[in-house]
Amino acid sequence: MHNPPARRPTSRPGTRDQAHLFPCHARPTQRAQLGLHQLPHPHGSPLKSADQSLAATESPYTLRMIREAYLQGAAAAADLMGRPSVAAAWNEPSVLPGYRVAGLCGHLARNIVLVEPLLAAPAGGAHPIPLLDHYTGDDWLDADPQSGEHLAIRERGKKAAADGPESLAERVSGAVSRLNRAIPAQPADRVVDLPGMWSLTLDDFLLTRLVEVVVHCDDVAVSVGVPTPELPTAYYEETIALLSRLAMRRHGPIALVRALSRSERAPGTISAF
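Numbering-wise (the numbering used here), the sequence shown opens with residue 6 and increments by one.
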């Protein structure tokens, strides 16, 4: 039986200002205007308890690893965006359709610089939603790349990069330096309250950002003709696990089984996005 959608928390004073500061946590109408695709509202059926949170069921070592992986990924992104090859290709088309290198770097940077104000805000005490509800409650994963929402997302990336490659690289590098102090200081059970929306555990939230950082670092590197930054293999495991769950949602489990074990009848794609 289909369960009723999760009830949205009541918004608090200052939501509009907070949404402007951190657009990825705006209300749905604000998200459409601001162009964020990553934090849809969980309208879908609640997931089974086993899927409620990666962080809720993992050991302290794994929690530390997610945080360390995010910080290393963010540092790799900062280094990549500061390379001369990125500046030289700044206004050239990227390998990601609809993005120039500048806009792609701006989109990547937002997954780092916008984490700071979230950590600075006090936790509101709300119960965190399941990790996959973060993705499955909206249709952005399946939306056409030319949809209004995706066009707005690209516009946000352009605006983030408007001051040029040197300025963006400095902003990201500064954010990484501060996050290297702020993130390890957070308690293991830290919950991040997304203004006007809902809450995630910090580690679930950082995992969603890590996926974005890993995917878009590869996009940027291929676009400018340099090797893709590499993280320790263990750090990729959580990223690949989440991508696999999203791919299974999109294509079904048999498609993944065939793609991973039977090349002769593998589907054309099992892309999570």
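Ideal Cβ positions, reconstructed from N, Cα and C, are used throughout, including at glycine.
| query | result |
| --- | --- |
| Test item: CB-CB of Val219 and Gly78 under 8 Å | yes |
| Alpha-carbon to alpha-carbon, Ala148 and Gly257 | 18 Å |
| Where the beta strand (DSSP E) through Val100 begins and ends | It is not in any beta strand (DSSP E) - Val100 carries neither H nor E in the DSSP assignment. |
| Counted within 10 angstroms of its Cβ, other Cβ atoms place Asp194 as buried (16 or more) or exposed | exposed |
| Straight-line Cα distance separating Asp198 from Ala126 | 8 Å |
| Boundaries of the beta strand (DSSP E) in which Leu205 is found, first to last residue | Ser204 to Thr206 |
| Sub-8 Å separation of Arg150 and Pro102 beta-carbons | Going by the sequence as given, residue 150 is Pro instead of Arg. Yes, these two residues count as a Cβ contact at 8 Å. |
| Leu109 and Val225 closer than 8 Å at C-beta | yes |
| Helix, strand or coil at Arg105 according to DSSP, with G and I counted as helix | strand |
| C-alpha gap between Ile275 and Ala260, whole angstroms | 7 Å |
| Run of the beta strand (DSSP E) containing Asp198, from where it starts to where it stops | Val196 to Asp198 |
| For Arg267 and Ala166, the rounded distance between their alpha carbons | 43 Å |
| Whole-angstrom C-beta distance between Asp208 and Arg72, which should lie under 8 Å | 7 Å |
| Phe278, buried or exposed, once every other Cβ within 10 Å from all chains shown has been counted against 16 | exposed |
| Own chain, CB closer than 6 Å to Leu205, minus 5 neighbours either side, in chain order | Pro133 and Val197 |
| Selection from Phe210, His221 and Pro237 that minimises the alpha carbon distance to Tyr104 | His221 |
| Classification of Ile114 by the beta-carbon crowding that lies within 10 angstroms, buried from 16 upward | Sequence inspection shows Ala at residue 114; the Ile mentioned does not correspond to that position. Flag for Ala114 reads buried. |
| Residues near Val216 in its chain [Cβ-Cβ closer than 7 Å; skip 5 each side] | Thr244, Leu247 and Leu248 |
| Pro89 (DSSP reduced to helix, strand or coil) | helix |
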